[in-house]
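Beneath this line is the structure, given in structure tokens, with notes to follow.
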Amino acid sequence: MTKLTHLTIKAALEGLKKKEFTASELVGAHIAASESARHLNCYITETFDSARAQAKEADARYAAGKALPLDGIPIAMKDLFCTEGVQTTAASNILRGFVPPYESTVSGKMKADGLISMGKANLDEFAMGSSNTTSAFGNVINPWKRKGDNRDLVPGGSSGGSAAAVAARIAMGATGTDTGGSIRQPAAFCGIAGIKPTYGRCSRFGVVAFASSLDQPGSFARTVEDNALLLRSMAGYDPKDSTSVNVPVPDYAAACGGSIKGLRVGVPKEYRVEGTNAEILALWDKGVEMLKDAGAEIVEVSLPHTKYALETYYVIAPAECSSNLARYDGVRFGQRSAGENLIETYENTRAEGFGREVKRRILIGTYVLSAGYYDAYYNQARRVRKLIWQDFIDAYQKCDVLLTPTAPTPAFAIGENTQDPVTMYLNDIFTIPASMAGMPGMGVPVGLSADGLPLGLQLIGKPFEEETLFKAGHALELAAKFDALPQLLAA
Amino acid sequence: MSIDKDTVGKIARLARIRVSEEDKETLAGELSGILAMVEKLNAVDTKGVAPLTSVVQMKLPMRADVVTDGGIPEKILQNAPEHSAGFFVVPKVVE
Chain A
32 MTKLTHLTIK
42 AALEGLKKKE
52 FTASELVGAH
62 IAASESARHL
72 NCYITETFDS
82 ARAQAKEADA
92 RYAAGKALPL
102 DGIPIAMKDL
112 FCTEGVQTTA
122 ASNILRGFVP
132 PYESTVSGKM
142 KADGLISMGK
152 ANLDEFAMGS
162 SNTTSAFGNV
172 INPWKRKGDN
182 RDLVPGGSSG
192 GSAAAVAARI
202 AMGATGTDTG
212 GSIRQPAAFC
222 GIAGIKPTYG
232 RCSRFGVVAF
242 ASSLDQPGSF
252 ARTVEDNALL
262 LRSMAGYDPK
272 DSTSVNVPVP
282 DYAAACGGSI
292 KGLRVGVPKE
302 YRVEGTNAEI
312 LALWDKGVEM
322 LKDAGAEIVE
332 VSLPHTKYAL
342 ETYYVIAPAE
352 CSSNLARYDG
362 VRFGQRSAGE
372 NLIETYENTR
382 AEGFGREVKR
392 RILIGTYVLS
402 AGYYDAYYNQ
412 ARRVRKLIWQ
422 DFIDAYQKCD
432 VLLTPTAPTP
442 AFAIGENTQD
452 PVTMYLNDIF
462 TIPASMAGMP
472 GMGVPVGLSA
482 DGLPLGLQLI
492 GKPFEEETLF
502 KAGHALELAA
512 KFDALPQLLA
522 A
Chain B
444 MSIDKDTVGK
454 IARLARIRVS
464 EEDKETLAGE
474 LSGILAMVEK
484 LNAVDTKGVA
494 PLTSVVQMKL
504 PMRADVVTDG
514 GIPEKILQNA
524 PEHSAGFFVV
534 PKVVE
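Top line first, the protein sequences correspond to chains A and B. Read in order, the letters of the first sequence are residues 32 to 522 in this note's numbering. Read in order, the letters of the second sequence are residues 444 to 538 in this note's numbering.
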């Protein structure tokens, strides 16, 4: 029998139903695997004891024939989701020790469907980063390594712990959040699949806020269909989030395996940007052929404002971050560093509580929102954002889904790309446009680089048409037959 | 446009983040770099384009203005660095 940790969620659910193994065995196998992979630093807080207890409850339900839809499946919960009674840090010192008295809507829904959290997954501090090297709880290490090179690689970010955990087979799936690529880029770096649904599809209630007009919860898993199972559990209208949209949540798994004959796949010419790795461009061409062979119709489309997306993002996201993070004042929750008076207490608390990248973004956000610059920077960025959004709407007149690379390079070594913040920002060049427009995006692993690292492609869909993404993503997955294992597991 | 040391000091004050003299220098360079990047946006013709406020094409829902939650002061206070008699405690703000 395949090792329990290598099963897909779908196969594990079948095994549990047929009583081939118990949820306790499944969770136990993942705890053992987690313990031997601790050097990857995937979890900030492990919740193995409660996972064991929940597995017992799941087993009782299976025995009674009353199993929940995803009963007994061990997952990793990004430490940006508030979990009642379990420390939630956003990977920041300012929230060290914070124990939420309430549960985020998404994690609550997943729990209600029987999913078992193995722990709170590490991330870039406040989800700001593309390499999981800004966490106050240490770097996450990618389970993949370059051939003949023992250097530790980054898992991508911000949801680096989530992606690394799923790739290292210490969790069957994971939650993530995506503001500018924080699900799709780490999925590509770790050789797994992930989806950022349409903005408004999943509730943001109880998710530590970074940039509220962009933040969106989503999932990671090793297959497209497993993501479909997770997203169905996570998605849905929530009156506690005023931007959550009240539309029915379809059975995404049913879309996996559907024919893509006649599906119009758009290839945006502006994504052929300078500096993109040649292997990734070649893989993109291969992906186009794969979808064509599966019956899709390929059309060239234009998204003319793509070249401004990154710049737009680095005005809007810091602006919203400076506003959202104003709440960390050392008064109501989180760490406090005392000062002579209240103002000094605020200033010391925030100076010591926030890391460098977070402070940088708060400061730039404060600048672009300050009197005299608001219109020139912030409003201009929001106008350009409208044009980016319009580009997608126009492109969707000609196609149903877009195919692009996910990231401009494979995973890089810890310490690379840190010379200046702007080099790091370029990592999200292909994922940010869809974020700016609120469109759903999915990352699918498609191949390996010459030095043995996973490479992924991105599918971008129409608002609330995640089913098309699942259909196309599944077809791409079938054609790509990506089955390589990270070096961590190949031995 | 670049950000100098004094400007860093000013925005750090607005953002309520203490920044050392030495860090001001470094930050001035880094923030100027980011600003130089986003300056590209000025080249885009946005005449007649309304700023996008939400990607969700809907009106924000209204609800009745009634109390739906509350009565949990212990829970609200449980994460406070300092609290007393049901209040958050802060350094003295009035003389």
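We treat Cβ as the ideally placed atom computed from N, Cα and C, and that holds for glycine.
For A259(A), the closest alpha carbon among the candidates D282(A), A407(A), S273(A) is that of D282(A).
Residue pairing from DSSP places E77(A) in a beta bridge opposite G150(A). By the criterion of a C-beta distance shorter than 7 Å, V171(A) is surrounded in its chain by L71, N72, C73, N153, N163, P186, G191, G192, A195, once the five residues flanking it on both sides are discounted. If you ignore the 5 residues before and after F443(A), its C-beta comes within less than 8 Å of the C-beta of S162, L184, V185, all in its own chain and listed in chain order. The C-alpha of I395(A) lies about 10 Å from the C-alpha of A455(B). Residue ranges of uninterrupted alpha helix (DSSP H) with 4 or more members, entirely inside the stretch 304 to 370 of chain A and ordered along the chain, are 309 to 324, 340 to 355. No Cβ-Cβ contact shorter than 9 Å links I104(A) with A205(A). Its chain contains K448, V451, G452, A455 as the residues whose beta carbon lies nearer than 8 Å to that of K467(B), once the 5 sequence neighbours on both sides are disregarded; these appear in chain order.
Listed along chain B, the residues sitting closer than 8 Å to L418(A) by beta-carbon distance are V487, T489, V492. Only those residues of the stretch 202 to 227 of chain A whose C-beta falls short of 9 Å from the nearest C-beta of chain B would be listed, and there are none. The beta carbons of I419(A) and M467(A) sit about 5 Å from each other, so the pair counts as a contact at 8 Å. With respect to chain A, the C-beta atom of G514(B) has no partner C-beta closer than 9 Å.
E342, T343, Y345, V346: these are the residues of the stretch 341 to 352 of chain A whose beta carbon lies less than 7 Å from some beta carbon of chain B, given in chain order. For F129(A), the closest Cβ of chain B is nearer than 9 Å. Note on D102(A): 16 or more other CB atoms within 10 angstroms of its CB, so buried under the neighbour-count rule.
For F385(A), a Cβ of chain B is located within less than 9 Å of the residue's own Cβ. Shown here for N458(A): same chain residues with a beta carbon closer than 8 Å to its own, the five before and five after excluded, namely S161, S162, G187, G212, Q216, A438, P439, T440, N448 in chain order. For the options L47(A), L373(A), G267(A), L341(A), the alpha carbon positioned closest to that of G139(A) is the one of G267(A). Residue environment: L488(A) is assigned as buried (16 or more neighbouring CB atoms within 10 Å of its CB, all protein chains considered).
Under a criterion of Cβ atoms nearer than 7 Å, the residues of chain A adjacent to A458(B) are, in order, S353, I393, L394, T397. Between the stretch 274 to 281 of chain A and the stretch 221 to 237 of chain A, the count of C-beta pairs closer than 8 Å reaches three or more; the two stretches touch. H526(B) is bridged by DSSP to F531(B). Relative to the Cα of R413(A), the nearest Cα in the group G365(A), L245(A), T380(A), A167(A) belongs to L245(A). DSSP places F251(A) within a strand segment (E or B) once states are collapsed to three.
Runs of alpha helix (DSSP H) with 4 or more residues, each lying fully within the stretch 180 to 212 of chain A, are found at 191 to 198, listed in chain order.
Proximity of A455(B) to chain A, defined by a Cβ-Cβ separation below 9 Å, is satisfied.
It is roughly 5 Å from the alpha-carbon of G293(A) to the alpha-carbon of A327(A).
Measuring C-alpha to C-alpha distances from W175(A) to each of R200(A), A54(A), A89(A) identifies R200(A) as the nearest. With the rule of 3 Cβ pairs closer than 8 Å, the stretch 423 to 435 of chain A does not count as touching the stretch 365 to 378 of chain A. Assigned with DSSP and collapsed to three states, C221(A) falls in helix.
Ranked by Cα distance from F112(A), the first of A350(A), A426(A), F241(A), V346(A) is F241(A). Residue pairing of A458(B) in beta bridges, as defined by DSSP: absent, with no partner found. If you keep only unbroken alpha helix (DSSP H) runs of at least 4 residues inside the stretch 461 to 520 of chain B, you get 464 to 481, 516 to 520. Under the three-state reduction of DSSP output, Q489(A) falls in the strand class. At a C-beta separation below 7 Å, F531(B) has these neighbours in chain A: V362, R363. Between L490(A) and L479(A), the C-beta gap is not smaller than 9 Å, which leaves the two residues out of contact.
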